[in-house]
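Here's the structure, in structure tokens; my notes come after.
There are 2 protein chains.
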Amino acid sequence: MDRGLLYGDGVFETLVVEDGRPRFWLRHIARLHAGCARLGIPHPEENRLLEESLPVISGVDRGVLKIIVTRGGGGRGYQPAAGVSPTRIIQLHPWPDYPETCRGSGVRVRLCRQRLACNPALAGIKHLNRLEQVIARREWNDPGIMEGLLLDGDDRLAEGTMSNLFLIRNRVLMTPGLVRCGVAGILRTVVMELAARVPMQVQVKALGLDDLWGADEVFLTNSIIGIWPVIAVDGHPFRRGALTQRLQELLAELPSDGETWLN
Amino acid sequence: MDRGLLYGDGVFETLVVEDGRPRFWLRHIARLHAGCARLGIPHPEENRLLEESLPVISGVDRGVLKIIVTRGGGGRGYQPAAGVSPTRIIQLHPWPDYPETCRGSGVRVRLCRQRLACNPALAGIKHLNRLEQVIARREWNDPGIMEGLLLDGDDRLAEGTMSNLFLIRNRVLMTPGLVRCGVAGILRTVVMELAARVPMQVQVKALGLDDLWGADEVFLTNSIIGIWPVIAVDGHPFRRGALTQRLQELLAELPSDGETWLN
């Protein structure tokens, strides 16, 4: 009877766990809270989620912490009940077995036929309505293709099925805006911050396929994969360039304790 | 770990139960199967669902049978696992306490700010990604407003949050096509079939607000509510007309046993 199952009425976060600590904890919680606010779900307090998460990840060398918050049970149809209490689900998942070469040599990706629909009320947040991503991910089985890129309904690049997309051209870092569709990834923000240290100019803007084919470097980000250089899109080759490598180095150099882990 | 919760990766049906029997059973199962096929979920056999549903609804005078089928548990992220087995959930819900006046006197409805996004891969089927409907239904609390109408991103009328929309003008029955968004309701199809007995011409076509304001009669349908005449949209009055009443009579006259119940 939980509305998370009945309607996908909730949000989630997927965090890296290393040495029993959740990386970018406060950034993830901030996005979780923003998602709850957008959907009108009372958000669980940060310290409560931390108290409930720490025992789950205690002693874990490397894993994935998933936090799901749904609106809870009850209500007549789509209208939530007045006093409904949100559900909190804390899960520990094994570290995914992506080949180590993904970060080093880079990955081959494809363009998906599935489009991301325009929905400003849901854009940016990490909600539980993920059928577009499931449909897109079902388009290929080739284990050599690590990700699929999605366009929106107006032929603009949006993101990957599980990652955000960055293009570099003439030392300018570009990534699609996410006011119509897509998920505002935590690593996406981190990478845009790191770009200042390269230094590189950052542009959040509408990008089309011409921008992709004309890019000097292309890469993907998410919290789990970090930064994956893209070396081919549907056979069109790209090089793993120096600026992508520099961003990978800066990401790896972020301190592994202290504020970076809880901020 | 069920993908129904994690991603809304599944479909559902909501059936009227009267005297222990599910109304329009085969039509609902056909839509469930169509939804499974669209999402690539192996569909549960009809006789298996019937065997599992009958004990749940046995002896129930009037209620609502909900059948949920999800892709099941497992898989790495959005990619379903190869051998994943679908989950079947059979629920009995109490009959909703809509005022009896809704069918007789008609209902007041509103236009929602929320739009339905264009997603041909999901249009028509009754999948578990229902955040658009939840967001739309949260726009009002006035218990005197029984439903909200949704436009798509191109200002075309789509449907209500929980119902399909019909307009009548010059004895022609019109309802929006559902190739870009919306749910192809079972009652929507039944009503279009009944229209032949009135007789009325039926047009499935793009409809805008001008068509709504210019309509002679307006009504809503779903399996549970049947046919609700609309007597006001955002204060703009409509009359409960003779043709809507005639369709209500024809619906009420459908035999309560035999093929109608299992077809």
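Going down the list, the sequences are from chains A and B. Under the working numbering, the residues of the first sequence are numbered 1 to 263, in order. Under the working numbering, the residues of the second sequence are numbered 1 to 263, in order. By construction, the Cβ of each residue, glycine as well, lies at the ideal position given by its N, Cα and C atoms. Computed from a predicted structure; not experimentally measured.
#1: So which residues on chain A does Arg137 of chain B lean against when the C-beta distance must stay under 7 Å?
#2: Answer yes or no: do Thr87 of chain B and Gly4 of chain B have a C-beta to C-beta separation smaller than 9 Å?
#3: Give the residues of chain B in contact with His33 of chain A, contact being defined as C-beta atoms less than 8 Å apart.
#4: In angstroms, rounded to a whole number, what distance separates the CA positions of Gln203 of chain B and Val190 of chain B?
#5: Determine the DSSP secondary structure at Met174 of chain A, reduced to helix, strand or coil.
#6: Count the other CB atoms within 10 Å of the CB of Gln201 of chain B; is the residue buried (16 or more) or exposed (fewer)?
#7: Are the CB atoms of Lys126 of chain A and Ile90 of chain A within a distance shorter than 9 Å?
#8: For Trp228 of chain A, name the three-state secondary structure that DSSP assigns.
#9: What number of angstroms, rounded off, separates the C-alpha of Arg264 of chain B from the C-alpha of Arg115 of chain A?
#10: Just list the alpha helix (DSSP H) runs in the segment 98-168 of chain B, keeping only unbroken ones of 4 residues or longer that don't cross its boundaries, in chain order.
#11: Counting only the same chain and skipping the five closest in sequence on each side, list residues whose C-beta sits under 6 Å from that of Gly74 of chain B.
#12: Which same chain residues, not among the five before or five after Ala34 of chain B, have their C-beta less than 7 Å away from its C-beta?
#13: Between which two residues does the alpha helix (DSSP H) holding Glu217 of chain A run?
#14: Would you list the one or two residues that DSSP bridges to Thr70 of chain A?
#15: Given Met146 of chain B, which residues of its chain have a CB within under 8 Å of its CB, disregarding the five upstream and five downstream residues?
#16: Please list, in chain order, the chain A residues whose beta carbon lies closer than 9 Å to that of Asp155 of chain B.
#17: What are the boundary residues of the beta strand (DSSP E) that includes Val190 of chain B?
#18: Looking at the ligand NAP, does it come within less than 8 Å of Leu26 of chain B, judged from the CB to the closest heavy atom?
#19: So, are the CB atoms of Cys118 of chain A and Leu149 of chain A less than 9 Å apart?
#20: Hey, would you say Pro96 of chain A sits closer than 9 Å to Arg76 of chain B, going by beta carbons?
#21: Among the residues of its own chain, which have a CB less than 8 Å from the CB of Pro284 of chain A, if the five just before and after it don't count?
#22: Chain A partners of Arg291 of chain B, CB-CB under 7 Å?
#23: Using CA coordinates, which residue listed in A:Asp61, A:Arg138, A:Val69 is at the minimum distance from Glu52 of chain A?
#24: The alpha helix (DSSP H) with Val56 of chain A in it runs from where to where?
#25: Compare the beta carbon distance of Ala206 of chain B and Leu173 of chain B with 9 Å and say whether it is the shorter of the two.
#26: In the DSSP assignment, find the unbroken alpha helix (DSSP H) run with Gln245 of chain B in it and report its ends.
#27: Would Asn263 of chain A pass as an interface residue toward chain B - the criterion being a Cβ-Cβ separation below 9 Å?
#28: Give the DSSP bridge partners of Arg21 of chain A, in chain order.
Considering the structure as presented:
#1: Tyr78, Gln79
#2: yes
#3: Going along chain B, no residue has its Cβ under 8 Å from His33 of chain A, so there is no contact; the nearest lies around 17 Å.
#4: 14 Å
#5: strand
#6: exposed
#7: no
#8: strand
#9: The structure shown does not extend to residue 264 of chain B, since chain B is modelled only from 1 through 263, so no value can be given for it.
#10: 101-104, 131-137
#11: Ala81, Val84
#12: Ile125
#13: It is not in any alpha helix (DSSP H) - Glu217 of chain A instead sits in the beta strand (DSSP E) that spans 217-222.
#14: A:Gly10, A:Thr87
#15: Tyr98, Cys102, Val107, Arg108, Val109, Trp228
#16: Chain A residues near Asp155 of chain B: none, gap ~13 Å exceeds 9 Å.
#17: Not the beta strand (DSSP E): Val190 of chain B falls in the alpha helix (DSSP H), residues 186-195.
#18: As presented, the structure is devoid of all ligands, the ligand NAP included, so that no description of it is given.
#19: no
#20: yes
#21: Within the shown structure, residues of chain A are numbered from 1 to 263, placing residue 284 of chain A beyond reach of any answer.
#22: The structure shown does not extend to residue 291 of chain B, since chain B spans only 1 to 263, so no value can be given for it.
#23: A:Val69
#24: 46-57
#25: no
#26: 242-253
#27: With a pLDDT of 44 at Asn263 of chain A, under the threshold of 50, the modelled position of this residue cannot be trusted, and the question is left open.
#28: A:Glu18
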